[in-house]
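Undergrad:
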Amino acid sequence: MLTFSRNKLVSIYRKDDRILLVRGILEDDIYGMEMDISISMPDLEIVSIQGKWTRMENSECPRAVPFLQEAVGFRLLEDGFRQRVKKIVGRKSCRHFANILLECCDAAEDAAEVIRAEGEKEGKGTFTLQNSLEEEKEAVIATGPDKDDLDRSMAKPVKGGSAEGLVIDLHVHTSEASPCSSAPLGDLVTKARRIGLDGICLTDHNHVWDPRTLAELRERHDFLILGGNEIATDQGDMLVFGFDEDINEIMRLDKLKKKVVKTGGFIIAAHPFRGFLTFGIGQLGLTPEKAMERPLFKHVDAVEVLNSKVSDKENRFSSQVAEGLDLPGTGGSDAHEVEEVGVYATRFSGVITNEEELVEALKGGNYSPLAFRAEIGAKE
Amino acid sequence: MTDILCFSRNNATTVEQPDEQTMVSSCCLQDTLTDLRLVIHVKTPHLEITNIAGEIRRSSEPEDLRIHETLRKVIGVRVGPGIKKIITGLMGTSAIEKKLVFMIGECCNGIILSFTKQVLLSAPEDKEKERDYFANMVKNSPRLYNSCAALSPESPLMDGIEPP
């Protein structure tokens, strides 16, 4: 017997030489929705979009419909189109509307190719999609900190720490280097300092921060800003420290481990059970003992047991697994918004002033995760 | 006649559970240009992909794709958040590979939604109870907060819920 089914139907016809009309229908066990989109040719730009629910998850789902308008003006062949749909339509509206929208747009791209091929067959002059896109392609806006503005000289490390130890948020994403983050580095530092953190560690997705830039940032902000990297592997995301190779692919974890060992670095399994104990997946009967058998734990040096993007239950579960495997636990906010920094952090007993000392401290094992914001809230 | 379709697509995904330890998700994509089939086997409780098979029945693009080898790259990956990024990275980026990645994503999404369906079967229809139900769901899974319009801070379902 089927436990779930989803059917999507996309139909496309030409309104005229300049407009494709696309109709999408999604029907599954939970949701029913329809979408009508007009897409201009040859630039494949969404010029209008209407959507409606026929069945939905809850009574507030209709709030998603007006946000579909945010996709008007998107061009199907532009770099980052799918990510924009997922981020803007998926989050502001509904990820299932984003799903049928992407299906419609994918089909529209193919439809445009069919039209082009038929036009060529009939000997009619027609457009070339890629040329059209390239002609109109906007200059790529460079992201990341303006390194030219930075003094290249190595800065003196900022000293930090107190009798109670040094509290560092080991997992922070900046808008400068992570497309999914909307937190500018300067604002993160201001917030971190204000709430009493001793430092933050920049762990942008598959991004290597230039050590000279980090040193300059530490001096400029007079705050402990350290570099790490959240690397996507076949076994999930890994927080990697003391490893400066730029990895631009999904790497096998065993391969990454070999590379990190060579540089003397350190690997922490980031949010290893994110999403595994919610939405009924907990009914699977995953126990800490069974979870300990996962191959990934053979290759990591520590486990992130406090992460603000997962549930308390998932954090507790990570903690149980780390304890069972005798692996140290760390805490980090996984902040993608300024307000999230410092929700969780890691308290180190010694002084840390740069990346080398951070790796040394991580290997030393003299640290513990803490719910930092809750703790300072309690003190206040 | 201008209203004749110039392109049509059907994309069907199904999930079944032949035994307690196995889930099988299939995706069939048929459109004007392409006919692709994909089946993945997932083992519980880790939701690890243990087997995958696919077939290119029709494709407009002359692809020299060794589909078996390409698909095998995702064996061992677990179904869960972030899987689309992982499979996109493991597979290639040709047009047909992109379609296969999308279909694997659909299969994985189907598996997750089959669990979601079980949870939602107990959702109350009463407005007041509905609010409590979804508020509790968000408390248990903070990533859901502000993840869509219905669970945004402006939604009545999130009244009284503090941002995580």
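Those protein sequences? They're chains S and B, same order as listed. Using the working numbering, the first residue of the first sequence is number -2, and each one after it goes up by one. Using the working numbering, the first residue of the second sequence is number 4, and each one after it goes up by one. Glycine is no exception: its CB is placed at the ideal position from the N, C-alpha and C atoms.
(1) Any beta carbon of chain C sitting closer than 7 Å to that of aspartate 38/B?
(2) For the stretch 133 to 156 of chain B, which residues have a CB atom closer than 7 Å to at least one CB atom of chain S, in sequence order?
(3) Tell me which same chain residues have a C-beta within less than 7 Å of the C-beta of glutamate 64/B, skipping the five on either side of it?
(4) What are the start and end residues of each continuous alpha helix (DSSP H) run of 4 or more residues lying completely inside the stretch 327 to 370 of chain S, in chain order?
(5) Check each residue of the stretch 5 to 30 of chain B: if its Cβ is closer than 7 Å to any Cβ of chain S, include it; give the result in chain order.
(6) Going along the chain, which residues of its own chain have a beta-carbon closer than 7 Å to the beta-carbon of glycine 70/S, five neighbours each way excluded?
(7) Are the C-beta of glycine 272/S and some C-beta of chain B separated by less than 7 Å?
(8) If you measure from the beta carbon of glutamine 322/S to each beta carbon in chain B, is any gap under 7 Å?
(9) Within the stretch 35 to 100 of chain B, note down every full alpha helix (DSSP H) run reaching 4 residues or more, in order along the chain.
(10) Step through the CB atoms of chain S and report whether any lies within less than 7 Å of the CB of valine 80/B.
(11) Note down the Cα distance separating lysine 76/B from aspartate 38/B, rounded to an integer number of angstroms.
(12) So that I know if they touch, is there some Cβ in chain B lying closer than 7 Å to that of asparagine 203/S?
(13) Are the C-beta atoms of glycine 157/S and some chain B residue less than 7 Å apart?
(14) Hey, is the stretch 77 to 84 of chain S in contact with the stretch 53 to 65 of chain S, meaning 3+ C-beta pairs nearer than 8 Å?
(15) Looking at the unbroken beta strand (DSSP E) that takes in leucine 20/B, where does it start and where does it end?
(16) How close, in whole Å, do the beta carbons of histidine 93/S and methionine 32/S come, if the pair is a contact with beta carbons under 8 Å?
(17) At which residues does the alpha helix (DSSP H) containing phenylalanine 137/B begin and terminate?
(18) Output the boundary residues of the alpha helix (DSSP H) element that contains histidine 168/S.
(19) Anything in chain B within Cβ reach of isoleucine 112/S, meaning under 9 Å, just list it in chain order.
(20) Buried or exposed for proline 145/B, please, with buried defined as at least 16 other CB atoms from any protein chain shown within 10 angstroms of its CB.
(21) Do serine 117/B and valine 45/B count as a contact pair if the criterion is CB distance below 7 Å?
(22) Are the Cβ atoms of asparagine 304/S and histidine 333/S separated by less than 7 Å?
(23) Look up isoleucine 164/B in the DSSP assignment and say whether it is helix, strand or coil.
(24) I need the straight-line Cα distance from serine 330/S to leucine 73/S, nearest angstrom please.
(25) Identify every residue that forms a DSSP beta bridge with valine 237/S.
(26) Report yes if the CB atom of lysine 102/B is closer than 7 Å to the CB atom of phenylalanine 1/S, and no otherwise.
(27) Buried or exposed, going by whether 16 or more other CB atoms sit within 10 Å of the CB of proline 127/B?
(28) Identify whether threonine 25/B lies in helix, strand or coil by the three-state DSSP scheme.
(29) Report yes or no: is there a C-beta of chain B within less than 7 Å of the C-beta of isoleucine 27/S?
(30) Assuming valine 186/S and isoleucine 222/S form a contact by the criterion Cβ under 8 Å, report the distance between their Cβ atoms to the nearest whole angstrom.
(31) Just reading off the beta strand (DSSP E) that cysteine 198/S is part of, what are its end residues?
(32) Using 8 Å as the cut-off, can you tell me whether the stretch 192 to 209 of chain S makes contact with the stretch 160 to 170 of chain S, which would need three or more C-beta pairs spanning the two stretches below that distance?
(33) Is arginine 72/S helix, strand or coil by DSSP?
(34) By how many angstroms is the C-alpha of serine 37/S removed from the C-alpha of leucine -1/S?
(35) Methionine -2/S touches chain B at which residues, Cβ-Cβ below 8 Å?
(36) Over the uninterrupted alpha helix (DSSP H) stretch that includes alanine 109/S, give me the two end residues.
TA: According to the data block:
(1) Checking the listed chains, one finds no chain C in this structure; the protein chains it contains are S and B.
(2) Glu133, Phe137, Asn143, Ser144, Pro145, Arg146, Ser150, Cys151, Ala152 and Ala153
(3) One-based indexing of the second sequence puts residue 64/B at position 61. The answer, listed in chain order, is Ala98 and Ile99.
(4) 352 to 361
(5) Thr5, Asp6, Ile7, Leu8, Cys9, Phe10, Ser11, Arg12, Asn13, Asn14, Ala15, Thr16, Thr17, Val18, Glu19 and Gln20
(6) To locate residue 70/S, count along the first sequence from 1; it is residue 73. Correct list, in chain order: Glu42 and Ile43.
(7) Here residue 272/S corresponds to residue number 275 of the first sequence, with the count starting at 1. It does; some Cβ of chain B falls within 7 Å.
(8) Taking the first sequence and counting its residues from 1, the one referred to as residue 322/S is at position 325. According to the sequence as given, residue 322/S is leucine; it is not glutamine. No, leucine 322/S does not count as interfacial toward chain B.
(9) 70 to 75 and 86 to 93
(10) As a first step, residue 80/B must be located in the second sequence, where it is residue number 77. Taking Cβ atoms only, chain S reaches closer than 7 Å to valine 80/B, which makes this a yes.
(11) Counting from one through the second sequence, the residue named residue 76/B turns up at place 73. Counting from one through the second sequence, the residue named residue 38/B turns up at place 35. Distance between the alpha carbons of lysine 76/B and aspartate 38/B is about 22 Å.
(12) As a first step, residue 203/S is located in the first sequence; it is residue number 206 there, counting from the start. By this cut-off, asparagine 203/S is not an interface position.
(13) Your numbering for residue 157/S matches position 160 in the first sequence. Residue confidence is low: glycine 157/S scores 44 on pLDDT, short of 50, so the model does not pin down where it sits. Its coordinate-derived value is still stated next. No, glycine 157/S does not count as interfacial toward chain B.
(14) no
(15) By one-based count along the second sequence, residue 20/B stands at place 17. Residue identity check: residue 20/B is glutamine in the sequence provided, not leucine. It spans 10 to 22 - the beta strand (DSSP E) in which glutamine 20/B sits, taken as one unbroken run.
(16) To locate residue 93/S, count along the first sequence from 1; it is residue 96. To locate residue 32/S, count along the first sequence from 1; it is residue 35. Not confirmed; about 10 Å, so no contact.
(17) Residue mapping note: residue 137/B aligns to position 134 of the second sequence, counting from 1. From DSSP, the alpha helix (DSSP H) with phenylalanine 137/B extends over 130 to 143.
(18) Within the first sequence, numbered from 1, the residue matching residue 168/S stands at position 171. Segment 163 to 169 is the beta strand (DSSP E) holding histidine 168/S; no alpha helix (DSSP H) there.
(19) Translated into positions along the first sequence, residue 112/S becomes position 115. Chain B residues near isoleucine 112/S: Cys9 and Phe10.
(20) In the second sequence, the residue the question calls residue 145/B occupies position 142. By the 10 Å Cβ count, proline 145/B comes out buried.
(21) On the second sequence, position 42 is the one that residue 45/B refers to. On the second sequence, position 114 is the one that residue 117/B refers to. Cβ atoms of valine 45/B and serine 117/B: not closer than 7 Å.
(22) Start at 1 with the first residue of the first sequence, and residue 304/S comes out as number 307. Start at 1 with the first residue of the first sequence, and residue 333/S comes out as number 336. Not in contact: asparagine 304/S and histidine 333/S (Cβ atoms no closer than 7 Å).
(23) Mapped onto the second sequence, residue 164/B falls at position 161. Coil, per DSSP.
(24) To locate residue 330/S, count along the first sequence from 1; it is residue 333. To locate residue 73/S, count along the first sequence from 1; it is residue 76. Approximately 34 Å between the Cα atoms of the pair.
(25) For the purposes of this step, residue 237/S is identified with residue 240 of the first sequence, where counting begins at 1. Its beta-bridge partners are Asn226/S and Ile264/S.
(26) Taking the second sequence and counting its residues from 1, the one referred to as residue 102/B is at position 99. Taking the first sequence and counting its residues from 1, the one referred to as residue 1/S is at position 4. No, Cβ-Cβ distance for lysine 102/B and phenylalanine 1/S is not below 7 Å.
(27) Taking the second sequence and counting its residues from 1, one reaches residue 127/B at position 124. Classification of proline 127/B: exposed, given that the 10 Å Cβ count is below 16.
(28) Here residue 25/B is taken as the residue at index 22 of the second sequence, counted from 1. DSSP places threonine 25/B in strand when its eight states are reduced to three.
(29) Within the first sequence, residue 27/S is the residue found at index 30, counting from 1. Yes, its Cβ sits closer than 7 Å to a Cβ of chain B.
(30) Position 189 of the first sequence, counted from the first residue, corresponds to residue 186/S. Position 225 of the first sequence, counted from the first residue, corresponds to residue 222/S. Indeed they touch by this definition, with Cβ atoms about 7 Å apart.
(31) Taking the first sequence and counting its residues from 1, the one referred to as residue 198/S is at position 201. Start and end: 196 to 199.
(32) yes
(33) What you label residue 72/S is simply residue 75 of the first sequence in a count that begins at 1. Here arginine 72/S sits in strand by DSSP.
(34) Within the first sequence, residue -1/S is the residue found at index 2, counting from 1. Within the first sequence, residue 37/S is the residue found at index 40, counting from 1. Between leucine -1/S and serine 37/S, the C-alpha separation is close to 39 Å.
(35) On the first sequence, residue -2/S is found 1 positions in, with the first residue counted as 1. Per Cβ cutoff of 8 Å: Glu19.
(36) Numbered from its first residue, the first sequence carries residue 109/S at position 112. Alanine 109/S -> alpha helix (DSSP H) spans 92 to 118.
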